[in-house]
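Take a look at the structure below.
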Amino acid sequence: MSGAARRFVLWLLFACAVAPSVVFAQSYNIVESVRLPAESFVGDPIELRYRVRSAVELEAPTRVPEAAWGDITSVRVIERGDEYDVRLIVVPFEPGTLTIPPIDLGGVSLDGLSFLVSSVGEERAEVRGILGPERLPGTRLVMLMIVLAVAVPLLAILYLAGPGRAVVRRVLARHRARVPYRKLLRAIDQLEKNIRYDTARDFYTHLVGALQDLMTSRLGFECRAATSTELTSYLPALAAQCGADAQAAAPLGGVFETADSAKFAGAQVRRKVRLEHLRTCRALMVELESLRRRRRRLPGSRTGRPEVADAGV
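Structure below.
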């Protein structure tokens, strides 16, 4: 072999020996690494981000490598000037320190990367009992409302069917007994307010009508069609029904007599007299109502209607 041939062969051998070191010289440098999330367990997806500085251009692999410890679902390469972001998404199925297989990025092969995966059992060393099903928010309030909606009407029906019936009757009777009294006081207030405008006839028509309604309620028989003479004869019974002296309601007789003169004889009654009659009616009715309520609260008091002497009924 000639000298030129030997030199060529030696040069070729030298080139073959130097070529791997030239390829290796085209290395990379990982300047930053980030793991999201910072802590994860078996079965949790993890994103691994590496900032790679390389002299050659990198590109995403056409084929994602397979790992024995789990899945590598994607590999992306994002250019950042003279650096590259390499982002991997992995799902490990084994705990411990796991090594990522080499990844061909075109110019370089990313190798020697690893990450740590914790086991669920390591974090939960204490075994806890099985928790029961959680209640929806507001469940207790809804259940309470349902129970009340069923229980209250049922208890009310049972109460009204038993001892509550008498109580309800007494409450209704008291209410009905007070209605004419309150109606009379409202009528007196209205008559006093309109005394400048009402005629004597209208004034006494409304006043006597309110008194007749109250006497009908208290005495238990119809007094609305009674004459003034008859109404006057009922006054002792009205006083007795309220627990007062028989002559306590006698001043109303003068009101009935004046009312007859105004309604049927057209008498003109002075405003001062009419005001005095309003004051008499109000004071007398307040006193009788007070005595009536006090009498009803006494044990053993009679609640029946008093007899009316010489009333013709």
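Take any residue in the sequence shown, note its place counting from 1, add 1106, and you have its number in the working numbering. Built from N, CA and C at the ideal position, the CB exists for glycine as well. Being a predicted model, the structure only gives us computed values, none of them experimental.
Return the residue from the list the options that minimises the CA-CA distance to residue i.
i	options	result
Val1314	Ser1215, Val1196, Leu1247 and Gly1360	Gly1360
Tyr1190	Thr1333, Val1158, Val1253 and Leu1247	Val1158
Glu1393	Val1375, Asp1351 and Gly1372	Asp1351
Leu1219	Pro1243, Val1192, Gly1244 and Gly1213	Val1192
Phe1147	Leu1164, Val1197 and Leu1254	Val1197
Arg1169	Arg1388, Ser1323, Arg1182 and Val1162	Arg1182
Val1223	Pro1143, Asp1366 and Leu1358	Pro1143
Arg1186	Asp1304, Gly1372, Ser1334 and Glu1138	Glu1138
Thr1205	Arg1398, Asp1188, Ile1178 and Ile1184	Ile1178
Leu1291	Arg1403, Leu1397 and Arg1385	Arg1385
Ile1195	Val1248, Ser1160, Ala1373 and Arg1141	Arg1141
Lys1289	Arg1376, Ala1332, Ser1323 and Ala1346	Ser1323
Arg1399	Thr1333, Pro1243 and Ala1345	Ala1345
Arg1380	Tyr1156, Phe1362 and Leu1397	Phe1362
His1383	Asp1150, Ala1306, Gly1244 and Gln1353	Ala1306
Since I believe residue j is in contact with residue i (beta carbons under 8 Å), could you give me their beta-carbon distance rounded to a whole number of angstroms?
i	j	result
Thr1311	Lys1369	6 Å
Phe1060	Ile1152	Residue 1060 falls outside the range modelled here, since the chain spans only 1107 to 1419, and no answer is possible.
Ile1301	Cys1387	The Cβ separation is near 13 Å, so there is no contact.
Leu1320	Pro1357	Incorrect: roughly 15 Å between the Cβ atoms, too far for contact.
Lys1317	Tyr1340	Per the sequence shown, the amino acid found at residue 1317 is Leu instead of Lys. With a Cβ gap of about 10 Å, Leu1317 and Tyr1340 do not count as contacting.
Measuring only the C-alpha atoms, how far is residue i from residue j?
i	j	result
Leu1297	Phe1309	7 Å
Ala1166	Ser1225	31 Å
Ala1174	Phe1199	9 Å
Gly1213	Gly1176	26 Å
Val1253	Arg1246	11 Å
Glu1145	Ala1257	54 Å
Ser1127	Val1162	Because Ser1127 carries a pLDDT of 40, less than 50, the predicted location of this residue cannot be relied on, and the following value inherits that uncertainty. In a straight line, the C-alpha of Ser1127 is about 16 Å away from that of Val1162.
Pro1208	Glu1172	10 Å
Val1129	Asp1217	In this prediction, Val1129 scores a pLDDT of 41, lower than 50, which makes its location untrustworthy; the coordinate-derived value is nonetheless stated afterwards. Cα to Cα, the separation comes out at about 15 Å.
Glu1395	Cys1348	7 Å
Leu1250	Leu1264	21 Å
Ala1365	Leu1260	54 Å
Lys1299	Ala1262	45 Å
Asp1188	Ser1160	7 Å
Phe1327	Leu1397	21 Å
Ala1231	Leu1164	Note that Ala1231 scores a pLDDT of 48, beneath 50, so its modelled location is shaky and nothing firm can be said.
Asp1304	Arg1402	38 Å
Val1414	Glu1336	Residue placement at Val1414 is poorly supported in this model, since its pLDDT is 49, which falls under 50; the coordinates are not used for a value here.
Tyr1134	Thr1203	23 Å
Thr1333	Arg1376	23 Å
Ala1267	Thr1338	43 Å
Leu1211	Pro1201	27 Å
Ala1373	Val1285	32 Å
Leu1242	Tyr1156	44 Å
Report yes if the C-beta of residue i is less than 7 Å from at least one heavy atom of the ligand MN; otherwise report no.
i	result
Ala1345	This structure simply doesn't include the ligand MN, nor any ligand for that matter.
Name the DSSP beta bridge partners of residue i, please?
i	result
Asp1210	Ser1215
Glu1153	Leu1142 and Ile1195
Arg1182	Arg1193
Tyr1310	Tyr1310 pairs with nothing; no bridge assigned.
Phe1147	Ser1224
Gly1176	Ala1173 and Pro1198
Val1158	Ile1136 and Tyr1190
Leu1164	Gly1212
Thr1203	Leu1222
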